[in-house]
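Under UniProt numbering, the first residue of the sequence shown carries the number 1, and numbering increases by one thereafter. All C-beta atoms in this analysis are idealised placements derived from N, C-alpha and C, irrespective of residue type, glycine included. Since we're looking at a predicted model, the values are computed, not measured. Here's the structure we're looking at; comments come further down.
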Amino acid sequence: MRPAADRAGRPALRALVLADVLGLRRGVAGARGDIRLPATTSGAHPGERAVSAEHGAPTFAEFVVKAYADGETIRALSDATGRSYGTVRSALVAGGVRLRKRGHRPATTMMAVADARARREELSAELLRARLSSGLTGAAAGRRAGISQSKVSKVETGRLLPKVVDVQRLADVYGVPPEVRRRLLALADKVSRDAGHRRAVLHRGVARRQVVVARTEAAASTVRVFAICGVPPRLLREVGPRRRLVAVLAEGALRAAPEHWDLLRALSLRPEVELGVIPWYTPVTLPDAGFVVLDEVMVVFDLVSGNVVITDPDDVRGHLKAFRKLHAGAVFGDAFRRLLDEVRADYRRLT
Numbered sequence: 001m002r003p004a005a006d007r008a009g010r011p012a013l014r015a016l017v018l019a020d021v022l023g024l025r026r027g028v029a030g031a032r033g034d035i036r037l038p039a040t041t042s043g044a045h046p047g048e049r050a051v052s053a054e055h056g057a058p059t060f061a062e063f064v065v066k067a068y069a070d071g072e073t074i075r076a077l078s079d080a081t082g083r084s085y086g087t088v089r090s091a092l093v094a095g096g097v098r099l100r101k102r103g104h105r106p107a108t109t110m111m112a113v114a115d116a117r118a119r120r121e122e123l124s125a126e127l128l129r130a131r132l133s134s135g136l137t138g139a140a141a142g143r144r145a146g147i148s149q150s151k152v153s154k155v156e157t158g159r160l161l162p163k164v165v166d167v168q169r170l171a172d173v174y175g176v177p178p179e180v181r182r183r184l185l186a187l188a189d190k191v192s193r194d195a196g197h198r199r200a201v202l203h204r205g206v207a208r209r210q211v212v213v214a215r216t217e218a219a220a221s222t223v224r225v226f227a228i229c230g231v232p233p234r235l236l237r238e239v240g241p242r243r244r245l246v247a248v249l250a251e252g253a254l255r256a257a258p259e260h261w262d263l264l265r266a267l268s269l270r271p272e273v274e275l276g277v278i279p280w281y282t283p284v285t286l287p288d289a290g291f292v293v294l295d296e297v298m299v300v301f302d303l304v305s306g307n308v309v310i311t312d313p314d315d316v317r318g319h320l321k322a323f324r325k326l327h328a329g330a331v332f333g334d335a336f337r338r339l340l341d342e343v344r345a346d347y348r349r350l351t
């Protein structure tokens, strides 16, 4: 794994250089000689003075707030100052900084998880903010709430999903105003439901979940299929009454299935089937795996030993959006059949 500074790129390097110049790296004297950031202790406030006031140099908190506003990441600032990730994050939260979302994904991501991640990040930041406002340490808050200090820390850094009852206890310990308490509990409830939706589980055989998938597919009025390698089984089965099948194949998937070319040509002529292929020359980013969208309620990834099922509404909408982009890059009807004829001709020349 590359060092954090490499992963963060230029911002991490810029923060490191600036911290060295200002003498804000733990245990490293700055250019002034007498500017040194004291080691953090469990009782130290995130915004404690890091330098002598007579020089007017920035405090640790001022430095990280300014650098974060300039685009640095928390991880880069942690590396630059020698402080822990949690200490930097606490300083930002104590300074009233609105934290950016962690782990940004490109807009073309297959999983629309931004909203759920934002809610989880907001909950952890608000709990940290409430504790700092109360003046309690993590250990003291944990004792009063009946949970461990380690759990309090993991909840505040977003590494652990808290139960609603834990949030309720912490809100009571911190003595937050009623409106803040309601907001925290609503967030905790939503984050908990997000996690329940978002558990992608491998289902095998005829277990109860597998039966649910079969019933959902049987009841679906529109089945959308994307295949990146080979012809998906759903194209080889008879299309049920009052059902619309929309299938998009990568050209590689089409070329890999000469035994099904006649069937695919016949399917492309049926009114209830919309069958297309994305030519190799089309500038479309293909996902890593094929998938099936059943109406607007379920996404299924078929594997050799079972399937992965997604039912979260945000994720389903994300896959529908991705499918529409793939659909826009495909050719259908006569153009599909012409491409199929070209593939046949290539196959004959090779054999």
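- Contact between Glu-217 and Val-223 holds: CB atoms are separated by about 7 Å, below the 8 Å threshold.
- Apart from the 5 residues on each side of it in sequence, Leu-160 sits with its Cβ closer than 7 Å to the Cβ of Lys-151 and Lys-154 in its chain, given in chain order.
- Considering only Leu-185, Gly-71 and Thr-87, the residue with the shortest C-alpha distance to Phe-60 is Thr-87.
- For Tyr-68, the number of other beta carbons within 10 angstroms of its own is at least 16, and it is reported as buried.
- Residue burial is scored here from C-beta neighbours: Leu-350 has fewer than 16 other C-beta atoms within 10 angstroms and is therefore classed as exposed.
- For Ala-227, the secondary structure class from DSSP, reduced to helix, strand or coil, is strand.
- Under DSSP, Leu-249 shares a beta bridge with Ala-227 and Val-277.
- Counting along the chain, Leu-294 sits inside the beta strand (DSSP E) bounded by residues 291 to 294.
- Excluding the 5 residues flanking it on each side, Val-239 has same chain C-beta neighbours closer than 7 Å at Leu-245, Glu-272 and Val-273, in chain order.
- Per the DSSP secondary-structure output, Arg-181 pairs with nothing in a beta bridge.
- Counting the other Cβ atoms within 10 Å of the Cβ of Pro-178 gives fewer than 16, which makes it exposed.
- Ala-227 counts as buried, since at least 16 other C-beta atoms from the protein chains shown sit within 10 angstroms of its C-beta.
- Look at Val-239 here: in three-state DSSP terms it is coil, with no helix or strand label.
- Taking a C-beta distance under 8 Å as the contact criterion, Ala-219 and Leu-235 do not qualify as a contact pair.
- Non-local C-beta neighbours of Trp-261 in its own chain, meaning closer than 7 Å and more than five positions away in sequence, comprise Leu-340 and Arg-344, ordered along the chain.
- In the DSSP assignment, Asp-302 falls within the beta strand (DSSP E) that extends over 298 to 303.
- Between the segment 263 to 271 and the segment 287 to 306 there are fewer than three C-beta pairs closer than 8 Å, too few to call the two in contact.
- For Ser-268, the uninterrupted alpha helix (DSSP H) run begins and ends at 261 to 268, by DSSP.
- Between the alpha carbons of Gly-95 and Asp-314 lies a distance of about 32 Å.
- Here the C-alpha atom of Ala-141 lies approximately 25 Å from the C-alpha atom of Ser-78.
- In the DSSP assignment, Gly-95 falls outside any alpha helix (DSSP H) and carries neither an H nor an E.
- Asp-312 counts as buried, since at least 16 other C-beta atoms from the protein chains shown sit within 10 angstroms of its C-beta.
- Within the same chain, and ignoring the five residues on either side of Gly-252 in sequence, the residues whose Cβ sits closer than 8 Å to its Cβ are Ile-228, Cys-229 and Trp-280.
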